[in-house]
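Asker:
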Amino acid sequence: MKSFLEGVINRNKYMCELGKVADYIPGLSTANKNHLGICIIDTSGEIVIAGDADVKFTLQSISKPLTLMLALLDQGEKYVFSKVGMEPSGDAFNSIRKLETGRMRKPFNPMINAGAIEVCSMIKGKNSAEKFERVLNFIKLISGNNNLKVNEDIYKGEKETGNKNRSMAYFLKGEGLISGDVEDVLDVYFKQCSIEVTAIDLAKIGLFLARGGVLENGDRVVSEHIATIAKTLMTTCGMYDGSGEFAIKVGVPSKSGVGGGILSVVPGKMGIGVFGPSLDLKGNSIGGIAVLEEIAENFKFSIFN
Ligand code: GLN
């Protein structure tokens, strides 16, 4: 398996040249475009890594399904989906236009920025620091990595440049969809995007979802239903406006982030973490998608088979 994965990385590395790293903040623009790595962990606990699997990067949008699970625990499904939809938007992750023109009058889903910011407003806690602390602790728990922390430089960049996110959040506040202080809600969002992980952490989180919300030690953290909601939204919306093509070519619940990570889940079988900061036009890891396509083809693991 290890030599197969190393071959996959080597065969797809050229793809990294075809994309470009996120450059909206300095902390992301200095990423090495040629990094490409993968970690797979199966339900027996066997870990296989290849390429740049131990390089740190920030979660960015991969945090979205994770915070969603915590919000579902905190507020319940009915409340959460009264304020955010379950439908693919077909637009870019940071698009604003359907907030006003869409028939729903709420963000289309929790995997786009507007929906994720809305979800951040639902996390319980007496102030924004406590809310974020609960998000971080939840992600530490499901990744089994107690050392996770915020990359302060990226956080600062997100906060300084996040005016589109800020405008969406104020719009949501104006619509009565966010209660409390908007900057506090945004702070939770910017911090969760800035949590540093490796492909190995992503594979562990993937395994947690593959096991339906259960840790490797058998402890249940979220109900099977909550894990299923996260996996379903990852399948329909996790790769933004590239989700349809990805579902055909790879076919497993996945979530990408502009830091270059992709979190993938083969339900009941394995968790996969991929890292490659060179992105395609939709903001998904270009090498990471190529790697997942080859693996999916080889193992025939599409959930639609
Ligand atoms: N921090 C990024 C943003 O809010 C996250 C987006 C992403 O990973 N697609 O724009």
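All residue numbers for the sequence shown refer to my numbering, where the first residue is 952 and numbers rise by one. Quick reminder that beta carbons are idealized off the backbone N, C-alpha and C, glycines included.
From Ile989 to Cys967, what does the alpha carbon distance come to, in whole angstroms?
Answerer: 14 Å
Asker: What's the C-alpha gap between Met1062 and Thr981?
Answerer: 26 Å
Asker: Would you decide whether His1176 is buried or exposed? Buried here means 16 or more other CB atoms lie within 10 Å of its CB.
Answerer: exposed
Asker: Between Lys1049 and the rest of its own chain, which residues show a CB-CB distance below 7 Å, the 5 nearest in sequence each way excluded?
Answerer: Ser1040, Asp1042 and Phe1059
Asker: What residue ranges within the segment 982–1038 form continuous beta strand (DSSP E) runs of no fewer than 3 residues, ordered along the chain?
Answerer: 988–993 and 998–1002
Asker: Whole angstroms is fine: what's the gap from Leu1123's alpha carbon to Asn1064's?
Answerer: 12 Å
Asker: With the ligand GLN as the reference, list in chain order each residue whose Cβ lies under 6 Å from any of its heavy atoms.
Answerer: Gln1011, Ser1012, Phe1044, Asn1045, Asn1064, Glu1109, Asn1116, Cys1144, Gly1208, Val1209 and Gly1234
Asker: Measuring alpha carbon to alpha carbon, tell me which of Glu1038, Arg1171, Leu1137 and Gly1108 ends up nearest Leu1184.
Answerer: Glu1038
Asker: Tell me the start and end of each unbroken alpha helix (DSSP H) in the segment 1073–1105 that is at least 4 residues and wholly inside, in chain order.
Answerer: 1079–1094
Asker: Considering just the uninterrupted stretch of the beta strand (DSSP E) at Leu1243, what are its terminal residues?
Answerer: That residue, Leu1243, is in no beta strand (DSSP E); its alpha helix (DSSP H) goes Ile1237 to Phe1250.
Asker: Straight-line CA distance for Cys1071 to Met1190?
Answerer: 20 Å
Asker: Per DSSP, Val1225 is paired with what?
Answerer: Ile989 and Ile1213
Asker: Let me make sure I understand the geometry here. Which of Gly1125, Asp1192, Phe1255 and Ile1090 has the alpha-carbon closest to that of Gln1143?
Answerer: Ile1090
Asker: Based on DSSP bridge pairs, tell me the residues matched to Arg1171.
Answerer: Val1165
Asker: So, do the segment 1087–1104 and the segment 1144–1157 have three or more beta carbon pairs nearer to each other than 8 Å?
Answerer: Result yes; three or more Cβ-Cβ pairs closer than 8 Å.
Asker: Assign Ile1254 to one of three DSSP states: helix, strand, or coil.
Answerer: It is coil, neither helix nor strand.
Asker: Which one of Ser1229, Asp1192, Thr1186 and Ile1180 has the shortest CA to CA distance from Leu1019?
Answerer: Ile1180
Asker: Within its chain, find whatever has a CB closer than 6 Å to the CB of Lys1115; leave out the 5 residues flanking it on each side and keep chain order.
Answerer: Cβ within range, chain order: Asn1045.
Asker: To the nearest angstrom, how far is the alpha carbon of Glu1167 from that of Asp1152?
Answerer: C-alpha separation (whole angstroms): 13 Å.
Asker: Classify Met1221 as buried or exposed, calling it buried when 16 or more other Cβ atoms lie within 10 Å of its own Cβ.
Answerer: buried
Asker: If you measure between the beta carbons of Phe1141 and Gly1164, is that distance less than 8 Å?
Answerer: Going by C-beta atoms, Phe1141 is not nearer than 8 Å to Gly1164.
Asker: Quick one: using the 10 Å Cβ neighbour count with 16 as the cut-off for buried, is Glu1081 buried or exposed?
Answerer: exposed
Asker: Does Lys1182 pass the burial test, meaning 16 or more other C-beta atoms within 10 Å, or should it be called exposed?
Answerer: buried
Asker: What are the boundary residues of the alpha helix (DSSP H) that Lys1200 is part of?
Answerer: Ser1194 to Lys1200
Asker: Beta-carbon within less than 7 Å of Val1086's beta-carbon, same chain only, minus the 5 sequence neighbours each way: which residues are those?
Answerer: Thr1018, Leu1021, Ile1074, Val1139 and Gln1143
Asker: Measuring only the C-alpha atoms, how far is Ile1105 from Asn963?
Answerer: Distance between the alpha carbons of Ile1105 and Asn963: 28 Å.
Asker: One question on the structure: do Ala1004 and Ala1178 come within less than 8 Å of each other, judged by their Cβ atoms?
Answerer: no
Asker: With a cut-off of 8 Å, does the C-beta of Lys1015 fall near any C-beta of chain B?
Answerer: Of the chains in the structure shown, none is chain B; there is only one protein chain.
Asker: Going by other Cβ atoms of all chains shown within 10 Å of its Cβ, with 16 needed for buried, is Thr1052 buried or exposed?
Answerer: exposed
Asker: Between the beta-carbon of Val1201 and the beta-carbon of Ser1236, is there less than 8 Å?
Answerer: no
Asker: Just tell me which of Val1203, Ala1120 and Val1225 has its CA closest to the CA of Pro1218.
Answerer: Val1203
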